[in-house]
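Here my numbering is used: the first residue of the sequence shown is 114, the next is one more, and so on. Glycine included, every Cβ here is placed at the ideal spot set by N, Cα and C. Please read all numbers here as calculations on a predicted model, not as lab measurements. Data block below; observations after.
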Amino acid sequence: MDDTGAVYHQNGNGHHRLNGHHPVLVLNSNYEPLNICNIRRAIVLVLNGKAEVLEEYDVMINSSSAGFDAPSVIRLVYMIKRPYPRVKLCRREIFIRDHFTCQYCGVETRELTIDHIIPRSKNGPHTWENLVSACRQCNHRKGGKSIEEARLKLKSTPKEPRASRYYPIQRALSRRVNQDWLKFIPELELRSDTPFSQ
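Here it is as structure tokens:
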């Protein structure tokens, strides 16, 4: 880490800036996963005595005075209290809740849209209970009508999904996960953006 705060690693080709390809898992003092931070933030926490390193990347970080392995997992030395997470209300999370299935006809498709059960033209709220996944055909058929007017029926009653304690970690993760993290997140289930992903 240089005077500007940039972090570098060294190999046979010289120094290279570390980036988002080396995320760091942050654990609470009780080993519960809290979030993911970058290398620079993790190093600052460790050097200030606020965290300890539990796992490391096979990458050496060099500064003007010392060299050490880049952290992969750190644990805070003090307890952070946080409220139970809630799932963010957005298109992707609605599709996941509805299993990427139209809630009117039951078709599973890539071409899903979001429908307001009570139309916005009738002051329908933008809430979990009033939003469902709909295929383009059903959404076009319903338009600004109510379910009864469009003669449609819901496959299930929409409600806010319950977030797991790992939800903040799940949202931050890509499909590639550092294997060193899995021992600290035993219940982690990676979710893909679509049901058709390999």
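| Check | Outcome |
| --- | --- |
| Short Cβ contact (8 Å threshold) for V172 with I187 | no |
| Range covered by the alpha helix (DSSP H) that runs through A247 | Counting along the chain, A247 falls outside any alpha helix (DSSP H), though it belongs to the beta strand (DSSP E) covering 244-248. |
| Distance between beta carbons of C215 and C251, contact taken as under 8 Å | 6 Å |
| Simplified DSSP state of S86, which is helix, strand or coil | Residue coverage of the chain in this structure runs from 114 to 311, which leaves residue 86 outside it and unanswerable. |
| Start and end residues, alpha helix (DSSP H) containing A155 | 152-160 |
| E242 versus T270: straight-line alpha-carbon distance, rounded | 8 Å |
| Paired residues, beta bridge with A164 - DSSP | L189 |
| Cβ neighbour criterion (16 or more within 10 Å) applied to V245 | buried |
| I260 - containing alpha helix (DSSP H), residue span | 260-263 |
| Where Q293 falls: helix, strand or coil (DSSP) | Contrary to the premise, residue 293 reads as Asp rather than Gln in this sequence. Reduced to three states, the DSSP call for D293 is helix. |
| Among L158, A183, I227, nearest to I209 - alpha-carbon criterion | I227 |
| Separation of V190 from N143, as counted between CA atoms | 9 Å |
| Local conformation of F213 per DSSP, three classes | coil |
| CA-to-CA distance, I207 to P238, given in whole angstroms | 15 Å |
| Extent of the continuous beta strand (DSSP E) run through V139 | 137-140 |
| Beta strand (DSSP E) segment containing L225, residue limits | 225-229 |
| Backbone secondary structure at N143 - three-state DSSP | coil |
| Same chain only: Cβ atoms within 6 Å of S234, ignoring 5 sequence neighbours per side | G257 |
| Residue burial classification, S185 (beta-carbon count within 10 angstroms, cutoff 16) | buried |
| Pairwise C-alpha distance: L147 and N139 | It is worth fixing the name first, because residue 139 is Val in this sequence and not Asn. So the alpha carbons of these two residues sit roughly 6 Å apart. |
| Coil, strand or helix - E206 by DSSP | helix |
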